[in-house]
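J.: Mind looking over this structure? Questions follow.
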Amino acid sequence: MLDRHAPDPGAAPMAAPDAQYLDVVAIRKAFKGVTVMDGLDFRMARGELVSLLGPSGCGKTTLLRIIAGLMQADDGSVILAGRNIASLPPHKRNISVVFQNYALFPHLSVAENVAFGLRARGMSKADAVKPVHEALALVRMQDFAERSITALSGGQQQRIAVARALVVRPHLLLLDEPFSALDRKLRETMQVELKSLLRDRGITGIFVTHDQDEAMGVSDRIAVMNAGRIEQFADPSTLYATPATPFVMDFLGLSTRLSGRVASQEGALVAVDTDLGRLRAPGTLAPGTPVLIGVRPELIRLDGGADMNRVDLVLEDVAILGSKTMLQGRPGAEDRLLCELAGIRNGKSRGDAVSFHWAVEDTLLYDLSAGTTP
Amino acid sequence: MTGTDRFFRALCWVMALGVVVFLLLPLVITVLVSFSSSQVYTLPPPEWSFRWYEALTRRAGLMDALMLSLNLALLSTAASLILGTAAAIGVARGQFRGRAALATFAVSPLMMPGLVLGVAMLQFFREIGLRDAYWSLLLAHVVITLPFVMRTLLAAMGSFDFALVDAARTLGMSYPRAVLRVLIPNLAPAYLTGGLFAFLASMDNYPISIFLTDAFNRTLPIRMLQYMEESPDPSIAAISTGLILLATVALAVAARTVGLNRLIQG
Amino acid sequence: MSTARADRIGLLVLPGLAYLGLIYALPLFLLLLKSFRDATGALSVAEFVQIFGDPLQRSIIARTLRVAFLVTLLALVIAWPTAIVMRSARGGWLSLFLVAIILPMSLGVVVKAFAWSILFRSNGFINQSLMTMNLIDAPIRLLFTETALVIGAANVFLPFMVLPIYAVLQQQDPNLPDAAATLGAGPYRRFFKVIVPLAMPGVVAGCAFVFSMAVSMYVIPSLIIGERQQTVAMQIARSFLFLRNEQLGSSLSTILLLIAVSVVLGSSWLAARLGARQ
């Protein structure tokens, strides 16, 4: 329990079976003298689907372009299937990319777009017909082969981009915000569809996204990136349950945040003084250390035993979110208390005085003295 | 990026910079020659002097030609802006069929051989008994300027949100007033760009005007060509330098207000 | 907004339409009509038969077309790389290119043709430079040659070639060459299968515009090449202004008009075909 909570940004990514199909080592990149990536490592196994998740400007697209060869790293190596490809131009890497706006060639038909990679690899027009048809059938677009690209909807264009990328049997598939141009309903359908397509074909793929739901939905593991670093690289449930840093905690889902100071160590627990009283959390820290306390909202209840953490507050907001209700309190400018209740009939409203209870072992504890921003 | 890519890139850059030199060379040479003391066009000039600018005062009919060209350019541009605004609104907001064809028609004089237009107008004006050179020139110059105005206005109105005009009307403005107070200020860049190029096209037109002039109504380009044939000395370069200065100032103002990139759109 | 209201707004096109119809379309129509009538007013193509039967006129038409073709070709070859560079240029560089294009474009053809007539003189800048660089020993004749005409005209019309290509390139997704690279296309394949075809609509538009202007140019040849090597446009001006042979002038005008119109229509057909895919 204790180790799980200790923030450890330098931790090696979780070992995966058949690790190191793709091994990106010590990547350094600067733009006009400004270092945006300083010794980044990234590893994944064959057949894995991984997301690079982070806010815009975190370096996820830079990493994608370096892997694809569209951008040259200043230093570091990219090893794919045992071969260092860092100095190869993009057209010799056999890495397919689904671009954000799909980058379909407007002067070519649907079938010609899909055939492009095969033709570039020297396949004759006649030989390309069959694989192109199969690839189009895979994305259920075989009836659109002779259409013009501009006559297609966004969802259809995305399928063509996927077919075009897969037909060449790439070693690796990179997808740059592949769902961002689609509306919300369609996005959810396409996510499910694409995931099972890639899974069935055993494709090794990297999604670049800033959307946490998308990353959780499509990938086996997620690398959460911030300011050119990977903050944590783990499977979705680990990320959600035990975020390694406050950044990861906030980027994936909502949580209660309370700042405080360590009062004392009590065995495997530390006692923390906050504006709302003394709380306990698993961990080991010296007294006086400034800390941040986090709790996922669904782990908070309105009643509980004496062995639980407890705060009393006045509700500032009660939001009915369909299947659930979110109770919110704001004890301070930076502090926030969130409690998620199932259902909508719980009789609470703004201004009610309530108590939030949660188990001590569900409490996340972050050391703020190291200079990490909360 | 591969070596081949880099080679092509470098080649393109070399050619592009060559193009910049190629395009600006005639203007630079003209300006230099105009300040030369020499009668022949040697470069660099033996001495710098203003003698060709002084010589301009002795050029017969130069001032009249300049005034006529300015007069025609101003009036025809103004007329085109009025006709063009109405027509562009009609094309952008009307519901009738053939609006695309009409837009093409309005811009088509740009693609017509100027000389042929001049010949056609010459014969037509003669046929209907219009003998006055000034009015012939003015009527013709509206045909020269209107396509420039229409081209930019059509493009600008295509992306203008006409809900703004409707909003002004719900706030109590009549349709014409809403156009004047909302549409035109919002399309100011297009008016500036279209109006500027229309004005310059009228100032510079030779092939149409040459058929419509008489001894008393000679536009500036016609006078200049006449001087070149009669006595081709660097005073023509001095006139050219004046025109280059005019264009530079106009473009600098336009570029400051709407940006260089906007100038080439539409 | 009701349809009635919208229809009344449609009426706003009428003044402009009437003006262009009367002062622009009608005169051209009458010119066409006139060139197909003989002196008695009967329908006839005799004038055209005579023009195409005359070896001198035939050679003038051939020269006009040849010069226009060469001008278009030269402009295209130097405009394309320029447009590509402009597409990726930023800040001060882009401004430099735009100024170099817009400033000459807003100057009259008389000014530029005059400049070229100075440049091409035997003691002019070009000869001097070539001699300084030891490329030639004695001045070569440039003025009054077709080469000089092609260079001068390409200079004047160049902006009209660069701008449409630049506009087309600007609208494109900049990722397309990258996408081709990730699909395995090397530099040559990227160039010939992606970059060139994508620029085609702009290339066609630019070529059509430059060709139709070059075929009917008048001021440039009369200053650079003079009366010795006539073009169709110079013939037209001469037949109206000096020869007073209006029948010949009208017919030649019709030929020029038909060339220009067919280039415009042909190019828009081609552009529509190319654009149908895009």
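Residue numbers (my numbering), protein chains in the order written: chain A, 2 to 375; chain B, 776 to 1041; chain C, 41 to 318. Ideal Cβ positions, reconstructed from N, Cα and C, are used throughout, including at glycine.
(1) Of all Cβ atoms in chain B, is any one closer than 9 Å to the Cβ of C:R161?
(2) Would you verify that the beta carbon of C:T222 is, or is not, closer than 9 Å to some beta carbon of chain A?
(3) So which of B:M1003, B:P964, B:Y950 has the shortest CA-CA distance to B:S934?
(4) Rounded to a whole number of angstroms, what is the C-alpha to C-alpha distance between B:P821 and C:G164?
(5) State the Cα-Cα distance for the pair C:G148 and B:F880, rounded to the nearest angstrom.
(6) Quick one: any contact between the segment 68-87 of chain A and the segment 139-153 of chain A, if contact means 3 or more CB pairs under 8 Å?
(7) Taking 9 Å as the CB-CB cut-off, is A:R160 touching chain C?
(8) For C:L238, which residues of its own chain have a beta-carbon under 7 Å away from its beta-carbon, when the five flanking residues on both sides are left out?
(9) Please list, in chain order, all residues of the same chain as A:A265 whose beta carbon is under 6 Å from its beta carbon, the five residues on each side excluded.
(10) Are the C-beta atoms of B:W788 and some chain C residue less than 9 Å apart?
(11) Residues in the segment 850-871 of chain B with C-beta within 7 Å of chain C's C-beta atoms, listed in sequence order?
(12) Taking Cβ-Cβ distances below 7 Å as the criterion, which residues of the segment 62-80 of chain A are in contact with chain C?
(13) Would you say A:Q101 faces chain C, with C-beta separation under 9 Å as the test?
(14) Among A:A162, A:L71, A:T364, A:N102, which has the Cα closest to the Cα of A:L280?
(15) Taking a Cβ distance cut-off of 9 Å, strictly less, list which residues of the segment 298-312 of chain C are near chain B, in chain order.
(16) Along the segment 889-919 of chain B, what residues have a CB closer than 9 Å to any CB found in chain C?
(17) Quick one: what does DSSP say C:Q168 is sitting in, helix, strand or coil?
(18) Given a limit of 8 Å on CB to CB distance, which residues of the segment 264-291 of chain C reach chain B?
(19) Quick one: what's A:L366 bridged to in DSSP?
(20) With H, G and I counted as helix, E and B as strand and the rest as coil, what does DSSP make of C:Q275?
(21) Please list, in chain order, the chain B residues whose beta carbon lies closer than 8 Å to that of C:P144.
(22) Report all residues from its chain with a CB closer than 6 Å to the CB of B:R1037; omit the five preceding and five following residues, and keep chain order.
(23) Under a Cβ-count criterion, where at least 16 other Cβ atoms within 10 Å of its own Cβ denotes burial, should B:W827 be classed as buried or exposed?
(24) Output yes if chain C places a C-beta closer than 9 Å to the C-beta of A:K33; else output no.
(25) First and last residue of the beta strand (DSSP E) that includes B:E829?
(26) To which residues of the same chain is A:G156 closer than 7 Å at the C-beta, ignoring the five residues directly before and after it?
(27) Whose CA, out of C:G226, C:S293, C:L296, lies closest to the CA of A:P90?
(28) Determine the extent of the beta strand (DSSP E) in which A:M226 is found, giving its start and end residues.
(29) Between C:M41 and chain A, is there a C-beta pair that is closer than 9 Å?
(30) According to DSSP, simplified to helix, strand and coil, what is A:C395?
(31) So the beta strand (DSSP E) B:L843 belongs to, where does it begin and stop?
(32) Does any CB atom of chain C fall closer than 9 Å to the CB of B:P821?
(33) Locate the alpha helix (DSSP H) running through C:I128, then write down its first and last residues.
(34) Count the other C-beta atoms from every protein chain shown that fall within 10 angstroms of the C-beta of C:I295, then say buried if there are 16 or more, exposed otherwise.
(35) Assuming A:I68 and A:I96 make a contact with CB atoms under 8 Å, what is their CB distance in whole Å?
(36) Distance check for A:N227 and A:L253, CA to CA, integer angstroms please.
T.: Concretely, from the data shown:
(1) Position 121 of the third sequence, counting from 1, holds the residue named residue 161 of chain C. So, interface residue.
(2) For this step, residue 222 of chain C is matched to residue 182 along the third sequence. So yes, C:T222 belongs to the interface.
(3) Reading the second sequence from its first residue, position 159 is the one you call residue 934 of chain B. Comparing Cα-Cα distances from B:S934 to each of B:M1003, B:P964, B:Y950, the minimum goes to B:P964.
(4) As a working note, residue 821 of chain B is residue 46 in the second sequence. As a working note, residue 164 of chain C is residue 124 in the third sequence. Going from the Cα of B:P821 to the Cα of C:G164 covers about 14 Å.
(5) Numbered from 1 along the third sequence, position 108 holds the residue referred to as residue 148 of chain C. Numbered from 1 along the second sequence, position 105 holds the residue referred to as residue 880 of chain B. C:G148 and B:F880 have their C-alpha atoms spaced approximately 24 Å apart.
(6) no
(7) As a first step, residue 160 of chain A is located in the first sequence; it is residue number 159 there, counting from the start. No, its Cβ sits nowhere closer than 9 Å to a Cβ of chain C.
(8) Numbered from 1 along the third sequence, position 198 holds the residue referred to as residue 238 of chain C. Here the set comprises Q212, L216.
(9) Your numbering for residue 265 of chain A matches position 264 in the first sequence. The amino acid occupying residue 265 of chain A in the given sequence is Ser; Ala does not appear at that position. Closer than 6 Å at Cβ, skipping near neighbours: A272, P288.
(10) On the second sequence, residue 788 of chain B is found 13 positions in, with the first residue counted as 1. Cβ-Cβ to chain C under 9 Å: yes for B:W788.
(11) Listed by position, the residues of the segment 850-871 of chain B near chain C (Cβ gap below 7 Å) are L858, G859, A861, A862, I864, G865, V866, R868, G869, Q870, F871.
(12) Cβ contacts with chain C come from A69, L71.
(13) Position 100 of the first sequence, counted from the start, is the residue given in the question as residue 101 of chain A. Taking Cβ atoms only, chain C reaches closer than 9 Å to A:Q101, which makes this a yes.
(14) The sequence position of residue 280 of chain A within the first sequence is 279, counting from 1. Closest option to A:L280, Cα to Cα, is A:T364.
(15) I299, A300, V301, V303, V304, S308
(16) Here the close residues are G889, L890, V891, L892, G893, V894, A895, M896, L897, Q898, F899, F900, E902, L914, A915, V917, V918.
(17) Reading the third sequence from its first residue, position 128 is the one you call residue 168 of chain C. In the structure shown, C:Q168 sits in a helix (DSSP, three-state: H, G or I).
(18) A273, I276, A277, F280, L281, E286, G289, S290
(19) Counting from 1 along the first sequence, the entry for residue 366 of chain A is found at position 365. Looking at the DSSP assignment, A:L366 forms a beta bridge with A:I294.
(20) For this step, residue 275 of chain C is matched to residue 235 along the third sequence. The answer is helix: DSSP assigns C:Q275 an H, G or I state.
(21) Residue 144 of chain C sits at position 104 when you count from the first residue of the third sequence. Near C:P144 (Cβ distances below 8 Å), the residues of chain B are L798, L799, P801, L802.
(22) Reading the second sequence from its first residue, position 262 is the one you call residue 1037 of chain B. Excluding sequence neighbours, B:R1037 sits near P964.
(23) Looking up residue 827 of chain B in the second sequence gives position 52. Per the 10 Å Cβ criterion, buried.
(24) In the first sequence, the residue the question calls residue 33 of chain A occupies position 32. It does not: the Cβ of A:K33 has no partner Cβ on chain C nearer than 9 Å.
(25) Locating residue 829 of chain B in the second sequence gives position 54, where the first residue counts as 1. Element bounds for B:E829: not the beta strand (DSSP E) but the alpha helix (DSSP H), 826-831.
(26) Here residue 156 of chain A refers to the residue found at position 155 when the first sequence is read from its first residue. Take A:G156, set aside five residues on each side of it, and the residues of its chain with a beta-carbon closer than 7 Å to its own are L183, L187, M191, in chain order.
(27) In the first sequence, counting from the first residue as 1, residue 90 of chain A sits at position 89. The candidate whose alpha carbon is nearest that of A:P90 is C:G226.
(28) In the first sequence, the residue the question calls residue 226 of chain A occupies position 225. According to the DSSP assignment, A:M226 belongs to the beta strand (DSSP E) that extends over 222-227.
(29) In the third sequence, counting from the first residue as 1, residue 41 of chain C sits at position 1. At C:M41 the pLDDT is 45, less than 50, meaning the model places this residue with poor confidence; the figure from the coordinates comes in the next sentence. No, C:M41 lies away from the interface with chain A (no Cβ there is under 9 Å from its Cβ).
(30) Within the shown structure, residues of chain A are numbered from 2 to 375, placing residue 395 of chain A beyond reach of any answer.
(31) Indexing the second sequence from 1 puts residue 843 of chain B at position 68. First-last for B:L843: 837-868, but that is the alpha helix (DSSP H), not the beta strand (DSSP E).
(32) Residue 821 of chain B sits at position 46 when you count from the first residue of the second sequence. Output row for B:P821: interface = no.
(33) Position 88 of the third sequence holds residue 128 of chain C. First, the amino acid is wrong: residue 128 of chain C is Ser here, not Ile. Element bounds for C:S128: 95-128.
(34) For this step, residue 295 of chain C is matched to residue 255 along the third sequence. Looking at its Cβ environment, which holds 16 or more other Cβ atoms inside 10 Å, C:I295 is buried.
(35) To locate residue 68 of chain A, count along the first sequence from 1; it is residue 67. To locate residue 96 of chain A, count along the first sequence from 1; it is residue 95. Indeed, because the Cβ distance is near 7 Å, the residues count as touching under 8 Å.
(36) For the purposes of this step, residue 253 of chain A is taken as the residue at position 252 of the first sequence. For the purposes of this step, residue 227 of chain A is taken as the residue at position 226 of the first sequence. So the alpha carbons of these two residues sit roughly 13 Å apart.
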